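There are 2 protein chains.
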Amino acid sequence: MATNILDSAKVLEQTIRESAEFIHLKQQYDNVYADEATKKIFDDFRNMQLNLQTKQMQGEQITQEEVMQAQQQVMAVQQNEKIAALLEAEQQMSNVIQQINKIVMKPLEELYND
Amino acid sequence: MATNILDSAKVLEQTIRESAEFIHLKQQYDNVYADEATKKIFDDFRNMQLNLQTKQMQGEQITQEEVMQAQQQVMAVQQNEKIAALLEAEQQMSNVIQQINKIVMKPLEELYND
Ligand SMILES: [Ca+2]
Ligand SMILES: [Ca+2]
Numbered sequence: 001m002a003t004n005i006l007d008s009a010k011v012l013e014q015t016i017r018e019s020a021e022f023i024h025l026k027q028q029y030d031n032v033y034a035d036e037a038t039k040k041i042f043d044d045f046r047n048m049q050l051n052l053q054t055k056q057m058q059g060e061q062i063t064q065e066e067v068m069q070a071q072q073q074v075m076a077v078q079q080n081e082k083i084a085a086l087l088e089a090e091q092q093m094s095n096v097i098q099q100i101n102k103i104v105m106k107p108l109e110e111l112y113n114d
Numbered sequence: 001m002a003t004n005i006l007d008s009a010k011v012l013e014q015t016i017r018e019s020a021e022f023i024h025l026k027q028q029y030d031n032v033y034a035d036e037a038t039k040k041i042f043d044d045f046r047n048m049q050l051n052l053q054t055k056q057m058q059g060e061q062i063t064q065e066e067v068m069q070a071q072q073q074v075m076a077v078q079q080n081e082k083i084a085a086l087l088e089a090e091q092q093m094s095n096v097i098q099q100i101n102k103i104v105m106k107p108l109e110e111l112y113n114d
């Protein structure tokens with residue numbers, strides 16, 4: 001593959017690493033994981049999300065108990081300021097990634113949609 | 001958002017545009033679309049793929065007639081050298097995009113998997 005592309009991708013990778021959004025996300029992530037109780041709430045929440053997504057993709061039924069458990073975990077997450085800050089930082093980073101993808105995929109977009 | 005990221009993404013976009021893989025893909029695409037009969041075979045094939053994917057995602061049954069039609073279209077595509085060359089070029093471009101994504105997503109990968 002053209003070394004130009006790899007080089008440009010590596011430059012982009014480095015600018016992401018050095019970006020305010022990524023550094024902020026890392027800090028919020030470290031804040032959550034530095035506190036055992038907060039870490040547990042967050043891990044439970046993520047595992048629940050993953051579990052429900054997997055079930056949905058496989059067309060499996062979600063039980064009443066799982067719905068109630070999910071609601072409790074969402075409430076626990078919403079009441080935790082460190083996790084709220086992490087989710088916000090993740091959303092910001094996700095916006096950055098979306099903008100990057102839009103730019104990088106433009107050549108292929110144009111090829112297929114013109 | 002940091003202008004650095006947007007600038008780096010735009011540089012990457014430009015290197016993609018100028019890459020041998022993208023220029024080759026464009027040529028194969030133009031070859032297919034320059035020929036009406038070939039264009040029709042390719043469009044029918046892509047529409048069939050999209051149709052079957054949509055049905056699969058929505059959990060709908062694929063009819064016997066659709067299976068036979070799909071088989072005929074796959075054969076027509078395989079026997080067409082221009083389309084074969086386009087599919088090959090698409091695969092190569094897809095590999096490039098995968099490598100780019102792997103590099104660009106490394107910071108987030110590391111954050112979540114370390
Ligand atoms: Ca075009
Ligand atoms: Ca880490």
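Chains as they are written, first to last, in full-length UniProt numbering: chain W, 1 to 114; chain S, 1 to 114. Just so it is clear, CB atoms sit at the ideal spot from N, CA and C, and this is done for glycine as well. Only a predicted model underlies this, so the values are computations on that prediction, with no experimental measurement involved.
Whole-angstrom distance between residue j and residue i, CA atom to CA atom
i             : j        : result
residue 115/S : Leu87/S  : Chain S is shown only over 1 to 114; residue 115/S falls outside these bounds and no answer can be derived.
Asp35/S       : Gln69/S  : 22 Å
Met57/W       : Ile97/S  : 26 Å
Arg17/S       : Pro107/W : 6 Å
Leu111/S      : Leu6/W   : 22 Å
Gln49/W       : Gln72/W  : 13 Å
Gln28/S       : Asp44/W  : 49 Å
Lys82/W       : Asn47/W  : 18 Å
Thr38/S       : Met75/S  : 13 Å
Asn31/W       : Gln99/S  : 32 Å
Ile103/S      : Tyr33/W  : 25 Å
Asn51/W       : Glu65/W  : 13 Å
Gln79/S       : Ala85/S  : 11 Å
Ala9/W        : Glu13/S  : 9 Å
Asn4/S        : Gly59/W  : 43 Å
Ile62/S       : Val11/W  : 46 Å
Gln92/W       : Glu90/S  : 32 Å
Asn101/S      : Asn113/S : 16 Å
Thr54/S       : Met105/W : 23 Å
Val77/S       : Val77/W  : 52 Å
residue 203/W : Thr15/W  : Residue numbering for chain W in the displayed model covers 1 to 114; residue 203/W lies beyond these limits and cannot be assessed.
Glu109/W      : Phe42/W  : 37 Å
Where the alpha helix (DSSP H) through residue i begins and ends
i             : result
Asp7/W        : Thr3 to Glu18
residue 121/W : The question about residue 121/W has no answer, for chain W in this structure spans 1 to 114.
Glu88/W       : Glu81 to Val104
Glu60/W       : No alpha helix (DSSP H) contains Glu60/W, which DSSP labels as neither H nor E.
Select from the region 9–26 of chain W all residues with a C-beta closer than 9 Å to any C-beta belonging to chain S, and list them in chain order. Across the region 9–26 of chain W, CB contacts with chain S closer than 9 Å involve Ala9, Lys10, Val11, Leu12, Glu13, Gln14, Thr15, Ile16, Arg17, Glu18, Ser19, Ala20, Glu21, Phe22, Leu25 and Lys26, in sequence order along the chain.
Given a limit of 8 Å on CB to CB distance, which residues of the region 33–48 of chain S reach chain W? Those would be none; no residue qualifies.
Does the region 21–28 of chain S come into contact with the region 9–25 of chain W, if we say contact requires no fewer than three beta-carbon pairs (one atom in each stretch) closer than 8 Å? They do not touch, by the three-pair rule.
If the cut-off is 8 Å on Cβ atoms, which residues from the region 87–103 of chain S count as contacting chain W, listed in chain order? Legend: CB atoms of the region 87–103 of chain S lying less than 8 Å from CB atoms of chain W belong to residues Met93, Asn95, Val96, Ile97, Gln99, Ile100 and Ile103.
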